[in-house]
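Take a look at the structure set out below.
Numbering (the UniProt record's numbering), first residue to last: 1 to 311.
Set out below in structure tokens:
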């Protein structure tokens, strides 16, 4: 309850929200919003297309062809203008952290921030954002250092926050681990999705599910896959490359691998959740080759489906 005795009004700021979910942070926010709305008056502010379950914000038209970091900042300003009447603002990832920080400055509203990763620990983002990487790092730093409270998704993430931003008071950083819905993520005995995607359910297979980014380590996996036993299939459920250059690199690596062995299956479009569950359920192992992963939700999803994880 707020001071007036009403339900606490909370604004949740995020880049990703269903149906536009690209990674673990989007999954985190989806389930958080579902549970949090049972206890507070919750409004979700997200980026992207309009949807009935959230207030969607778009970048300024005049920035359509400019740096993605500038577009993100303009979207954040739109969020700030819409959040002046809440009791608390809670932001996720640098894409929304500045919106939470400016809302706190402008309206005197407490800002809680969940850290899913840290920009200074992802230098390869400069390949995607160019000079915008300096802007994303600045947005995150100011927001983290000035937030009323910081939530880290793992103990390792908390340690990274305190070492990367030493001015942050350790007492304001709390760990709330990532989690999943174990009722939803459970072994699926069906094999229809595997067969449709060209995966032989009778042969062992190693599965990767994720975006094509430097952080996720897809090129590393593809180079290492040359050492797999010929009987083992490699299944990549991977799309949404960060840059055209990375897309070309991954395509070349896949083609080179296919030239030397069979059983290399690349599912370029992201699958629905129930389809991913089936892939995970029948994997001999799920592989997480990430160069940086504070607490990968997909690893938890694979474990819940009864699959061993190599990370």
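All residues carry an ideal CB built from backbone N, CA and C; glycine is no exception.
Tell me whether residue 9 sits in a helix, a strand or coil according to DSSP, three-state version.
Note: residue 9 maps to strand in three-state DSSP.
I'd like the list of long-range same chain contacts for residue 124, defined as Cβ closer than 6 Å, with 5 residues on each side in sequence excluded.
Closer than 6 Å at Cβ, skipping near neighbours: 214.
What residues match up with residue 131 in a beta bridge as DSSP calls it?
BP columns for residue 131 are empty, so no partner.
When the Cβ atoms of the stretch 82-93 are set against those of the stretch 4-16, are three or more pairs found closer than 8 Å?
Cβ pair count under 8 Å is three or more, so yes.
Evaluate contact between the stretch 183-192 and the stretch 275-289, counting only Cβ atoms and requiring at least three cross-stretch pairs below 8 Å.
With a cut-off of 8 Å, the stretch 275-289 and the stretch 183-192 count as touching, because enough Cβ pairs lie within range.
Measuring only the C-alpha atoms, how far is residue 319 from residue 151?
Residue 319 is absent from the model: the chain starts at 1 and stops at 311.
What distance in whole Å lies between the Cβ atoms of residue 15 and residue 96, which are believed to be in contact at a cut-off of 8 Å?
Correct: roughly 6 Å between the Cβ atoms.
By the DSSP assignment, the beta strand (DSSP E) with residue 211 in it spans what residues?
It spans 205-211 - the beta strand (DSSP E) in which residue 211 sits, taken as one unbroken run.
Would you list, in sequence order, the uninterrupted beta strand (DSSP E) runs of no fewer than 3 residues that lie entirely inside the stretch 90-143?
Counting only runs of 3 or more, we get 111-115.
Run through the DSSP bridge pairs and tell me what residue 239 is partnered with.
Its beta-bridge partners are 211.
Kindly list the residues whose CB is nearer than 8 Å to the CB of residue 240, restricted to its own chain and excluding five residues on each side of it in sequence; keep chain order.
These residues qualify, in order along the chain: 22, 211, 212, 270.
Under 6 Å Cβ to Cβ from residue 164, same chain only, skipping five residues before and after it: list those, please.
Correct list, in chain order: 118, 120.
Looking at residue 83: is its Cβ nearer than 7 Å to the Cβ of residue 103?
Contact flag set, yes.
Would you kindly work out how many angstroms separate the C-alpha atoms of residue 129 and residue 136, rounded to a whole number?
When rounded, the distance between both Cα atoms is 9 Å.
What does the Cβ neighbour count give for residue 233, buried or exposed, with the cut at 16 atoms within 10 Å?
Buried, by the Cβ-count rule.
Is residue 81 near the ligand ZN - that is, is its Cβ less than 6 Å away from at least one heavy atom of it?
Absence of the ligand ZN is noted for the structure shown, with no ligands found whatsoever.
When the Cα atoms are used, what is the spatial distance from residue 34 to residue 199?
Spanning the two alpha carbons is a distance of roughly 34 Å.
Please state the DSSP three-state secondary structure of residue 185.
Coil.
At the 7 Å Cβ level, is residue 76 part of the contact set with chain D, yes or no?
As a matter of chain content, chain D is missing from the structure shown, which is built from one protein chain.
Put residue 278 into one of helix, strand or coil per three-state DSSP.
Here residue 278 sits in helix by DSSP.
To the nearest angstrom, report how far apart residue 238 and residue 298 are at their CA atoms.
Their backbone Cα atoms lie some 13 Å apart in a straight line.
With the cut-off set at 7 Å, would you say residue 145 and residue 94 are in Cβ contact?
No.
Let me make sure I understand the geometry here. Which of 111, 98, 287 has the alpha-carbon closest to that of residue 307?
When only C-alpha atoms are compared, the closest one is 287.
Take residue 167 as the anchor and find which of 175, 201, 142 has the nearest alpha-carbon.
That would be 142, whose Cα lies nearest to the Cα of residue 167.
From 41, 58, 54, pick the residue whose C-alpha is nearest to that of residue 48; which is it?
It is 58 whose Cα lies nearest to the Cα of residue 48.
Measure the C-alpha to C-alpha separation of residue 156 and residue 174 and round it to an integer number of angstroms.
Straight-line Cα distance between these residues: approximately 12 Å.
Can you tell me the Cα-Cα spacing of residue 50 and residue 127, whole angstroms?
Each residue's alpha carbon lies about 29 Å from the other.
Compare the Cα-Cα distances from residue 219 to each of 256, 205, 105 and report the closest residue.
Taking only the C-alpha atoms, the option nearest residue 219 is 256.
Can you tell me where the alpha helix (DSSP H) with residue 72 in it begins and where it stops?
Looking at the DSSP string, the run of the alpha helix (DSSP H) that includes residue 72 is 68-81.
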